[in-house]
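Visitor:
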Amino acid sequence: MPPKRRSAVTPIKDPTLFEMGKLEAAGTLANSLKVERPYSELGLFLGTSAFTANGWPGSFYPVGMKPTEYLSYYANKFQTVEIDSTYYGTPSASTVTRWYEKTPPDFIFAAKVPQLCCRRKYVVC
0 MPPKRRSAVT PIKDPTLFEM GKLEAAGTLA NSLKVERPYS ELGLFLGTSA FTANGWPGSF
60 YPVGMKPTEY LSYYANKFQT VEIDSTYYGT PSASTVTRWY EKTPPDFIFA AKVPQLCCRR
120 KYVVC
């Protein structure tokens with residue numbers, strides 16, 4: 000009998016993006032618009048693939064706005080954003096906490112599946 004293989008996947012022991020308090024009430028929050036947003040439509044989650052990009056300062060973001068204020072401003076215009084950086088690595092708990100603190104209760108982060116998962120034959124991305 001061949002030796003038992005150990006799993007290549009190590010369980011995450013620290014809280015993840017999905018274990019934060021927002022998840023428990025996600026359904027209720029998603030269906031009740033708490034912030035009046037100019038780019039919103041009831042029943043649809045409108046957002047972009049990031050909350051910053053070349054050309055946005057001075058066009059979408061007011062001239063002179065600090066980059067540390069971008070997410071708060073964005074979250075009052077759109078209800079969701081795709082977090083592309085999660086594809087490349089897990090953000091630190093402090094980064095996720097800052098994102099959480101800068102957004103309204105009904106704001107939704109759509110995190111990309113890490114690229115490591117996409118390389119495995121049994122995971123479909």
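By numbering that gives the first Met the number 0, the letter at position 27 of the sequence shown is numbered 26, and the numbering carries on one by one without gaps.
Note that the Cβ used here is the ideal one computed from N, Cα and C, for glycine as well.
Just so we're clear, the structure is a prediction, and the values are computed from it rather than from any experiment.
1) Quick check on I107: does DSSP put it in helix, strand or coil?
2) Pick helix, strand or coil for E35, following the three-state DSSP scheme.
3) Are the beta-carbon atoms belonging to V95 and T47 less than 8 Å from one another?
4) Three or more beta-carbon pairs under 8 Å between the segment 42-58 and the segment 67-83, yes or no?
5) So is D126 buried or exposed if we call it buried at 16+ other beta carbons inside 10 Å?
6) Is DSSP giving Y87 helix, strand or coil here?
Guide: In this structure, then:
1) Strand, per DSSP.
2) In the structure shown, E35 falls within a coil segment according to DSSP collapsed to helix, strand and coil.
3) Not a contact, by the Cβ cut-off of 8 Å.
4) A contact exists between the segment 42-58 and the segment 67-83.
5) Residue coverage of the chain in this structure runs from 0 to 124, which leaves residue 126 outside it and unanswerable.
6) Coil at Y87, not helix or strand.
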